[in-house]
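Data block below; observations after.
In this note's numbering, the protein residues as written are 8 to 285.
Listed below in C-alpha cells is the structure:
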C-alpha cells in the first residue's frame, strides 16, 4: 500500500509541476496524463486501505486538478466519513463547489475547514483562507475578502497569487493606491501564480494607475500585460482608452482594433474605437 501511496503523491506532484509549465507552453496533455496516472495509483492504494481518510483526500485533490468537481466532492465526502476533522477534504470540497458556482456551499465548506483546523495533509490553512477570500469577493464583499487574504499572507507571505487577489479587491473598492502596491508586491513575490498569470497583475496595476491619473504608468503596465498575454482583449481596450486620453489617437485606434479583433462584443473597445476615429 505504501508503494501506491507514494506513487500517487509523486505523480500528483509531477502533474502539478507540468500543469504550471503548460500554462505558458499551452500544452496541458502531459499534466493531464500525469494526473490520470496519479489517480490510478491512488485508487489502488484506496483498494488496500479503503478507510484511510488521507488517501481519499489525496484522491479528491487529484480529481479537482482534473476539473472533475462532482467526483472531487464525493471523494472529499468519503474522507470526511472516516475523519470528520480532515480540513483538507473540507477545503477540496470548498474549491470544487466554488468552481461549480455553488458559492454558499463553498463558503460553508471553507469555514468548516478553518473551524475544525484538523488534518491539512501537505497543504496548510492558507489554501482555505485564500479561497474563502475568493468566494467573498465573488459574493460582492471585497472588504471581507481582504481580511481573508490578510490571513492567507500571514501564513504564506509574498504569495503572488494571494497578492493578485488582494490587488483586485482593492480595485473593486476604488483603493487605487493600495491596488498598485498589492500588484507590485505580487509581481515581486514568490512567483506562485497558480492558474493565474502575471499579466493580470500588470493589467490591474494599469487600471489603478489610470484611475489615479498616472497615464504614463498605466500605459507602461498595459504594455507589460500584452507582452505576456496578447490575447486579453480588455487590456488592449484599456490601453486604447489611456492613449486616447493623452490624445495619441492613432495609437489608441490600433489598440482598440486589437481589442475588438480579440473580443468583437467588447463594448468598451467598440465605443472607444468610435471616439478615436471622431
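The C-beta atom is built at its ideal place from N, Cα and C for all residues, glycine as well.
Alpha carbon of residue i to alpha carbon of residue j, nearest angstrom
i           : j           : result
residue 41  : residue 104 : 24 Å
residue 77  : residue 99  : 11 Å
residue 174 : residue 221 : 17 Å
residue 240 : residue 202 : 19 Å
residue 29  : residue 113 : The predicted position of residue 29 is uncertain, since its pLDDT is 46 and thus under 50; a value taken from the coordinates is nonetheless stated next. In a straight line, the C-alpha of residue 29 is about 28 Å away from that of residue 113.
residue 122 : residue 56  : 28 Å
residue 4   : residue 189 : Past the boundaries of the shown model lies residue 4; the chain is included only from 8 to 285, so the question cannot be answered.
residue 117 : residue 227 : 38 Å
residue 280 : residue 258 : Only weak support exists for where residue 280 lies, its pLDDT of 43 falling under 50; the value from the coordinates is given anyway. One C-alpha to the other measures close to 11 Å.
residue 269 : residue 255 : 22 Å
residue 74  : residue 106 : 9 Å
residue 209 : residue 229 : 6 Å
residue 219 : residue 273 : 24 Å
residue 7   : residue 204 : The displayed coordinates of the chain run from 8 to 285. Any statement about residue 7 would go beyond what the structure contains.
residue 319 : residue 25  : Limits of the chain in this structure are 8 at one end and 285 at the other, which puts residue 319 out of reach.
residue 200 : residue 172 : 10 Å
residue 7   : residue 137 : What is shown of the chain runs 8 to 285, which leaves residue 7 out entirely.
residue 58  : residue 142 : 31 Å
Close-in-space but distant-in-sequence residues of the same chain around residue i (CB under 8 Å, 5 per side omitted)
i           : result
residue 33  : At residue 33 the pLDDT is 47, less than 50, meaning the model places this residue with poor confidence and gives no usable figure here.
residue 131 : 162 and 163
residue 196 : 165, 166, 167 and 170
Cβ-based burial, residue i [other Cβ within 10 Å; buried from 16]
i           : result
residue 267 : buried
residue 250 : buried
residue 65  : buried
residue 260 : buried
residue 242 : buried
residue 108 : exposed
residue 223 : exposed
residue 159 : buried
residue 20  : exposed
Unbroken alpha helix (DSSP H) run spanning residue i, endpoints
i           : result
residue 230 : 222-235
residue 107 : Premise fails: residue 107 is in no alpha helix (DSSP H) and is neither H nor E.
residue 68  : 60-72
residue 179 : 167-179
residue 78  : 76-89
residue 205 : 205-218
residue 37  : 36-55
residue 239 : First-last for residue 239: undefined, no H or E at that position.
residue 159 : 149-162
residue 136 : 132-145
residue 270 : No alpha helix (DSSP H) holds residue 270; DSSP gives it neither H nor E.
residue 254 : No alpha helix (DSSP H) contains residue 254, which DSSP labels as neither H nor E.
residue 126 : No alpha helix (DSSP H) holds residue 126; DSSP gives it neither H nor E.
residue 92  : Element bounds for residue 92: n/a, residue is neither H nor E.
Whole-number beta carbon distance between residue j and residue i, since they are thought to touch under 8 Å
i           : j           : result
residue 110 : residue 145 : 6 Å
residue 192 : residue 176 : About 13 Å; that fails the 8 Å criterion.
residue 48  : residue 23  : Residue 48 to residue 23, Cβ: 15 Å. No contact.
residue 139 : residue 155 : 5 Å
residue 360 : residue 43  : Given a span of 8 to 285 for the chain in the structure shown, any question on residue 360 remains unanswerable.
Same chain, Cβ closer than 6 Å to residue i, five either side skipped, listed in chain order
i           : result
residue 46  : 69
residue 217 : 225 and 249
residue 60  : 86, 89, 90 and 93
Close Cβ partners of residue i (< 7 Å) along its chain, the five nearest in sequence each way excluded
i           : result
residue 206 : 232, 235, 236 and 239
residue 95  : 64, 126, 127, 128 and 130
residue 71  : 79, 99, 102 and 103
residue 149 : 176, 179 and 180
residue 120 : 94, 97, 98, 101 and 135
C-beta neighbour in chain D for residue i, strict 7 Å
i          : result
residue 96 : The structure shown contains no chain D, having only a single protein chain.
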